[in-house]
Structure formats: structure tokens, C-alpha cells
Amino acid sequence: MIVALGIVLANRHWYRKIKAAVDNGWVAPTSQTISLREAMLLVGAIFVVLCVAVPIARNEKPNQALHVTAEDTPFALPAGAHDVTYFRYHGGHYLQCSAEEDAFLAWYDQGVGTLESQAANVPLSPIQAPVGASIITGFADNGPITEPQSVTSGWQYYWNQEDRWVSVIYDRPNKRLYYKINTR
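Per the UniProt record's numbering, residue 1 is the first one in the sequence shown, and the count goes up by one each step.
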């Protein structure tokens, strides 16, 4: 409270000094025109921003896609991944693709999820009992349309804390990866 009062008094002191300087004519009136040099600098700055922003915007991948190649996605996928379907939203994404098991394991070893989920040291474990996966079959206005599927053989990883989670399921018989992450 005392600090706030001190700041108010200091601001009032400087306000009075500046107002007195303007009233007494000690400060020359400021110009409201833009010089040619300032205009050229403004145009140059806008040009530089556009030169950087336009290529980035053109290369931005869509937020959803069905059955595309790995190159058509914004994600780092296992080597040789294909038949990729994904849905991105603010705070996470759903991803599924076909990949060989060795490529999946190498991809997983490079680090999956967030730094927080990786620091938790939750291991990738073999599937012992059927686990549920969701297959994206299409898209609606409010998200992906999914169908449930049971995975009986392969690998699974699951980490969660509060409203953040990472789920990885590898379906060995179908050579299919199901990856979901929510980082909000």
C-alpha cells in the first residue's frame, strides 16, 4: 500500500512538471506529420514482415486430414509411416498412421509427448489385455468422428496429470499407431 502511494505521488509530481513545461512554452509542440523517411521505414518494415509471414502461412498444414502421406502432415512420424489421419486442436491432437514396429519403437525412443510426460518416466509396456483405441473415420464441426476398436497385441503408453495426458497405442497385427495428446 505504501509503495502504491509512493508511485502515485511520484507520477503526480512528474505530471505537474510536464504540464508546467507545456504551459510555459518550454516544450515545443510535436509535429503530427510523417516524414518521407518515416514512411519509407514503415513500408520497409511491413515488407520484411510479409516476406517472412507469407511463406510460413503458405506452408502451414491443415488442422485435419484423412489418409494422407507423412509428408503432408505437420508431425514427426515413425520412419516409413503412411496412411496418416490426424486432427489438431488448440492444446493437442489425435494422430493415427501405419508403421512397422521397429520404426514405431525408434520413434518412441526419440521422445513422445511433452517434456513433463517424458520426465515422469512412464515406460512403454506390452499390451497384456485388450485396450481401446479410437479410429478416426471423418470430421464434424466439433471434432473427429471416431469408431472404437479393441487392440489385443502391441504396445501402450499412458501418462496423465490433471487435464493433460498422452496416450500411445501400437496395434501389432494391424501395424497401426494411435497417438493422442492433450496439453491444456
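In this text, a Cβ means the ideal position worked out from N, Cα and C, and glycines have one as well. Computed from a prediction, not measured in an experiment: that's the story for all the values here.
Test item: CB-CB of residue i and residue j under 8 Å
| i | j | result |
| --- | --- | --- |
| PHE87 | GLY143 | yes |
| LEU124 | TRP155 | yes |
| THR114 | VAL43 | no |
| VAL131 | VAL151 | yes |
| GLY92 | ARG176 | no |
| LYS180 | TYR108 | no |
| ASN73 | ILE136 | Asn is not the amino acid found at residue 73; the sequence shown has Thr there. Contact: no. |
| LEU77 | CYS97 | yes |
| ASP163 | ALA133 | no |
| ALA70 | ALA103 | no |
Boundaries (first-last residue) of the alpha helix (DSSP H) holding residue i
| i | result |
| --- | --- |
| ILE34 | From DSSP, ILE34 is part of no alpha helix (DSSP H); its letter is neither H nor E. |
| LYS19 | 2–23 |
| LEU115 | 115–119 |
Integer-rounded CB distance, given that residue j should sit under 8 Å from residue i
| i | j | result |
| --- | --- | --- |
| ALA81 | ALA106 | About 11 Å; that fails the 8 Å criterion. |
Proximity to residue i [Cα-Cα], best of the options
| i | options | result |
| --- | --- | --- |
| TYR89 | THR73, GLN64, GLU101 | GLN64 |
| TYR157 | GLY138, ILE127, ILE135 | ILE127 |
| PRO148 | PRO173, GLU71, TYR178 | TYR178 |
| VAL122 | VAL168, SER153, ILE34, ASP141 | VAL168 |
| ALA120 | GLU101, ARG37, ILE145, GLN161 | GLN161 |
| GLU101 | TRP26, PRO173, LEU36 | PRO173 |
| ASN182 | SER117, PHE139, ASP141 | SER117 |
Endpoints, the beta strand (DSSP E) within which residue i is located
| i | result |
| --- | --- |
| TRP155 | 154–161 |
| PHE87 | 82–89 |
| LEU66 | 64–68 |
| GLU147 | 143–151 |
Coil, strand or helix - residue i by DSSP
| i | result |
| --- | --- |
| PRO130 | coil |
| ASP171 | strand |
| TRP107 | helix |
| LEU177 | strand |
| PRO55 | helix |
| residue 195 | No answer is possible for residue 195: it lies beyond the span of the chain, which begins at 1 and ends at 184. |
| LEU95 | strand |
| VAL166 | strand |
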